[in-house]
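Structure record follows, encoded as structure tokens.
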Amino acid sequence: MGNLMLKTVPAIILFLCASDIVHSRDYSAVALSQKTGAFGWGTDYATQREADRVAMEECRKHSSLPRDCRVEARFTHGCFAAAGGSRYTSIKTGKNAASAQREAIATCKKDSQGCRINQVTCTNVQRP
Numbered sequence: 171m172g173n174l175m176l177k178t179v180p181a182i183i184l185f186l187c188a189s190d191i192v193h194s195r196d197y198s199a200v201a202l203s204q205k206t207g208a209f210g211w212g213t214d215y216a217t218q219r220e221a222d223r224v225a226m227e228e229c230r231k232h233s234s235l236p237r238d239c240r241v242e243a244r245f246t247h248g249c250f251a252a253a254g255g256s257r258y259t260s261i262k263t264g265k266n267a268a269s270a271q272r273e274a275i276a277t278c279k280k281d282s283q284g285c286r287i288n289q290v291t292c293t294n295v296q297r298p
């Protein structure tokens, strides 16, 4: 019995640590410049602050007006979609790619014409 415990306890500890590591990178963000339509994202980060920072850096890198970038969406365990049209870029999140795309297109069409999906990105762990 003692020998079994010596083998079992380390295995349980290893499993618990590994499962914590897998789920510790849950934070994602998308930043958008409404004036230029440029956006950037950061997915699967350990903190929301880190995800926000990466999203802002990426947006600023792609925007001709980097000061216009703002975090537009934050999410965990899901997806985001960006839909762009003649006058507007819509960033929406959802539990999966299809729901994020539907929401992004619907919102974009309220203020723009010719809306189409420009980007869809999901976290490593999506909601069922």
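Plus 170 on top of the position in the sequence shown (first one is 1) and you've got the working numbering.
Built from N, CA and C at the ideal position, the CB exists for glycine as well.
Quick one: is residue i buried, meaning 16 or more other Cβ sit within 10 Å of its Cβ, or exposed?
| i | result |
| --- | --- |
| T217 | exposed |
| K262 | buried |
| A243 | buried |
| D281 | exposed |
| V295 | exposed |
| A270 | buried |
| A268 | exposed |
Once the 5 residues before and after residue i are set aside, which same chain residues still bring their CB inside 7 Å of it?
| i | result |
| --- | --- |
| G284 | G255, S256 |
| S194 | A216 |
| R286 | A253, G254 |
Would you please state the rounded distance, in angstroms, between the beta carbons of residue i and residue j? I believe it to be under 8 Å.
| i | j | result |
| --- | --- | --- |
| E228 | G207 | In fact, because the Cβ distance is near 14 Å, the residues do not count as touching under 8 Å. |
At least one CB of chain D closer than 8 Å to the CB of residue i: is that the case?
| i | result |
| --- | --- |
| C292 | No chain D appears in this structure, which consists of one protein chain only. |
Suppose the cutoff is 8 Å on Cβ atoms and the five residues either side in sequence are ignored; what does the same chain contact list for residue i look like?
| i | result |
| --- | --- |
| T259 | L202, Q204, G207, F209, A252, A253, C278, N288 |
Among residues of its own chain, excluding the 5 on either side of residue i, which ones have a beta-carbon nearer than 6 Å to its beta-carbon?
| i | result |
| --- | --- |
| M226 | A201, C239 |
Note to self: Closer than 8 Å is the cut-off here; do at least three beta carbon pairs connect the segment 227-241 with the segment 262-276?
What the structure shows: The count of Cβ pairs closer than 8 Å, one atom from the segment 227-241 and one from the segment 262-276, stays below three, leaving the stretches out of contact.
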